[in-house]
Amino acid sequence: MANKITLVEKMLPLIDEVYKAEAKSTILEAPAEFVQQTSDANVVKIAKLDMVGLGDYNKQTGFPEGDITLDWETHTFTNDRGRRFSVDRMDNEESFNLIAARAVGEYLRRYVVPEIDAYRFSKIASADGVVNVSGALDGSSVKKAIDTAIVNLEEKEIDSARLALFVTPTVAQLLSDNITRSTSNGERSIENRIETYNGIQIVRVPQTRLIKGITLNPGATSTAGGYAKTDGSGLDINFILMDKGAAYNVSKLAVAKLITPDENQNKDAYQFDFRLYHDTFVLANKAQGIYVHTKPSA
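Just so we're aligned: the sequence shown equals residues 93 to 390 in my numbering.
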């Protein structure tokens with residue numbers, strides 16, 4: 093049993109490492125000081141700061157008073173996901189440690205992380221107040237479309253240093269192919285991918301994760317689960333340009349448990365439980381700092 097406990101201790105950091113490394117939406121994680129937990133398990137509060145502009149200074153009375161307001165915007169979690177796997181005690185007994193570690197990593201990479209990203213980007217793109225534009229992009233139109241998005245947000249006084257561009261690899265390549273530049277490469281290497289555009293970080297997101305409108309499968313049976321683009325209304329997204337402070341990802345609970353056959357009261361099997369209680373919240377006063385460009389509906 094001690095060996096299995098050690099295995100769990102080794103697996104938990106792996107879970108966090110894989111999640112952070114593979115998820116494309118991690119740059120939107122909420123700063124800890126901006127999130128206030130509540131006594132309600134499904135509610136969290138996120139800080140919203142507001143102030144007023146300058147006033148006239150008076151030589152007799154001095155500075156005009158101004159209000160600074162720190163409100164805590166209440167948000168309710170709606171995404172509570174989990175899965176349980178079992179491996180019989182006698183199946184692969186001698187190699188279980190290797191199987192468990194590999195299974196956890198593969199499950200996170202193939203199922204958990206893609207769903208996390210897809211859920212988050214869909215939630216962001218579907219929020220009230222977000223700018224939504226639709227159109228087909230090709231080599232002759234992609235640069236103009238992104239430039240238009242940048243100007244739209246900069247006109248709202250959003251500093252381009254705060255922006256991030258989430259874009260499909262296809263659209264990113266269209267942009268790269270239509271920019272003339274000089275690059276310094278090693279003797280045996282060529283690098284023509286662009287990582288930033290006009291100082292804005294580019295994050296490549298597979299089309300399967302960059303969708304507006306997804307449906308989460310409840311996974312009621314052992315052969316079902318995951319997510320899919322919503323039939324009839326789901327749209328593929330070309331890119332999202334956004335203020336990184338306009339939406340926050342909050343994970344309230346992330347649990348991975350490994351139960352040995354001796355501890356398992358239901359089966360003579362090793363049991364792996366994984367649960368993730370998380371959500372993404374677009375701040376009401378910053379939704380206009382998000383620009384979504386989708387493909388036309390089919």
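All C-beta atoms in this analysis are idealised placements derived from N, C-alpha and C, irrespective of residue type, glycine included.
{"Check": "Under the assumption that residue 209 contacts residue 117 (Cβ atoms under 8 Å), give the Cβ distance between them as a whole number of angstroms.", "Outcome": "5 Å"}
{"Check": "Going by beta carbon distance, what residues of the same chain come within less than 6 Å of residue 363, once the five residues before and after it are set aside?", "Outcome": "178, 351 and 356"}
{"Check": "Taking three-plus beta-carbon pairs below 8 Å as touching, is the segment 364 to 373 in contact with the segment 330 to 342?", "Outcome": "yes"}
{"Check": "Distance, Cα to Cα, residue 242 vs residue 346?", "Outcome": "35 Å"}
{"Check": "Is the distance from the Cβ of residue 329 to the Cβ of residue 386 below 7 Å?", "Outcome": "yes"}
{"Check": "By a C-beta neighbour count over all protein chains shown, 10 Å radius and 16 as the cutoff for buried, is residue 212 buried or exposed?", "Outcome": "buried"}
{"Check": "Nearest by alpha-carbon distance to residue 218: which of 322, 144 and 175 is it?", "Outcome": "322"}
{"Check": "Would DSSP call residue 153 helix, strand or coil?", "Outcome": "coil"}
{"Check": "If you measure between the beta carbons of residue 319 and residue 332, is that distance less than 7 Å?", "Outcome": "no"}
{"Check": "With a 10 Å radius around its C-beta and 16 neighbouring C-beta atoms as the bar for buried, classify residue 335 as buried or exposed.", "Outcome": "buried"}
{"Check": "Whole angstroms is fine: what's the gap from residue 297's alpha carbon to residue 205's?", "Outcome": "12 Å"}
{"Check": "Short check: CB of residue 369 to CB of residue 223, under 7 Å?", "Outcome": "no"}
{"Check": "Could you name the residues of the same chain whose beta carbon sits closer than 6 Å to that of residue 175, not counting the 5 residues immediately before and after it, in chain order?", "Outcome": "366"}
{"Check": "Along the chain, where does the alpha helix (DSSP H) that runs through residue 213 open and close?", "Outcome": "205 to 217"}
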